[in-house]
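Numbering (the numbering used here), first residue to last: 109 to 402. Using N, Cα and C, we set each Cβ at its ideal position, and we do this for glycine too. Nothing here was measured: the structure is a model prediction, and the numbers come from that model. Let me begin by presenting the structure, written as structure tokens, before commenting on it.
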Ligand SMILES: Cc1ncc(COP(=O)(O)O)c(C=O)c1O
């Protein structure tokens, strides 16, 4: 028989359950709702929001050590929580029976070939113009009825002068909301331009790599959003750069419950997205070099 031509195009799926929420923490809540009775291994270098959400659920966790270059030895607990630091991906086979991939720096959430039991999620407002949005992909079914139909109020506060207000609303919110319509449409545009965006970011990333004289981290992200560096006098540098109209984020401030880790005091990130060009990157690199020359 000849191959059939005609009919509607069938839906093509990756065989995973897919969900969308307003933020990384909402996605984490949706995931933990199903896995709350398991024992988790969390990395000792992590975003403080993660600890807050785990504590909100009263979940049992232990910390495992991540090296300064983000390598680690896989611990042996029910669920291993792995952060893809700055978009660096771990294509390896950890021992834990269940993996959660925190891919907040990645535009797409793609399951590695292994492991079999896996959930990945991202946070789109951190790495794109979207005000809100987080995608979850999962090998197990989650309780989608927990995601409210409407979007969160914080999705209307991303303008520079309103940003703090948006963060406050998000920090106080415990419910899981949907992505806003405006972010959903912005996501289509973001994906449409993804390859151009990736190219611009890679050029900015490479420029910093060439010009910066300070300690760099050996990461090769698939889709760079930030260029992290390790520096002494990090807070003084940050303050001085503010006087030059340069505002660099710190990923992350230490949660009081997190174990000590040298990265908390020394790391600072330079954004490399397409708002900036290679001349902006040269300027930032030269200023940072100058700060340490004196
Ligand atoms: C590694 C990591 N995981 C989870 C989150 C939570 O994401 P969101 O701020 O979108 O809730 C963040 C950011 O706060 C993060 O940096």
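If you reduce the DSSP assignment to three classes, tell me which class residue i lands in.
i           : result
residue 177 : coil
residue 335 : strand
residue 149 : strand
residue 196 : coil
residue 283 : coil
residue 383 : coil
residue 260 : coil
residue 376 : strand
residue 324 : strand
residue 348 : helix
residue 358 : coil
residue 301 : coil
residue 222 : coil
residue 134 : helix
residue 310 : helix
residue 116 : coil
residue 330 : coil
residue 141 : helix
residue 111 : coil
residue 247 : coil
residue 158 : helix
residue 295 : helix
Keeping to the same chain, check which residues put their C-beta closer than 6 Å to that of residue i; ignore five residues upstream and five downstream.
i           : result
residue 321 : 397
residue 292 : none
residue 162 : 169
residue 265 : 273, 274
residue 146 : 186, 187
residue 298 : 236
Indicate whether residue i and residue j have their beta-carbon atoms separated by less than 8 Å.
i           : j           : result
residue 93  : residue 210 : Limits of the chain in this structure are 109 at one end and 402 at the other, which puts residue 93 out of reach.
residue 272 : residue 177 : no
residue 215 : residue 235 : yes
residue 349 : residue 374 : no
residue 301 : residue 384 : no
residue 378 : residue 334 : yes
residue 323 : residue 380 : no
residue 284 : residue 134 : yes
residue 136 : residue 158 : yes
residue 212 : residue 129 : no
residue 281 : residue 262 : yes
residue 196 : residue 329 : yes
residue 307 : residue 331 : no
residue 246 : residue 218 : no
Just checking my contact of residue i with residue j at CB under 8 Å: how many whole Å lie between their CB atoms?
i           : j           : result
residue 242 : residue 231 : 5 Å
residue 244 : residue 139 : 7 Å
residue 239 : residue 290 : 7 Å
residue 186 : residue 171 : Residue 186 to residue 171, Cβ: 15 Å. No contact.
residue 372 : residue 252 : Contact flag wrong, Cβ pair sits at about 36 Å.
residue 206 : residue 225 : 4 Å
residue 360 : residue 143 : The pair is not a contact, with the Cβ atoms about 23 Å apart (cut-off 8 Å).
residue 352 : residue 395 : 6 Å
residue 257 : residue 286 : 6 Å
Ignore the nearest five residues each way along the sequence and tell me which others in residue i's own chain have a CB closer than 8 Å to its CB.
i           : result
residue 390 : 315, 319
residue 346 : 356, 358, 376
residue 202 : 182, 188, 190, 223
residue 342 : 358, 373, 374, 375, 376
residue 156 : 360, 361, 362, 363, 366
DSSP has residue i in a bridge; who is on the other side?
i           : result
residue 210 : 191, 229
residue 255 : 284
residue 129 : 242
residue 171 : 150
Going by the C-beta, is residue i closer than 7 Å to any heavy atom of ligand 3?
i           : result
residue 360 : Ligands present in the displayed structure are limited to ligand 1, and ligand 3 is not among them.
Counting only the same chain and skipping the five closest in sequence on each side, list residues whose C-beta sits under 7 Å from that of residue i.
i           : result
residue 367 : 152, 171
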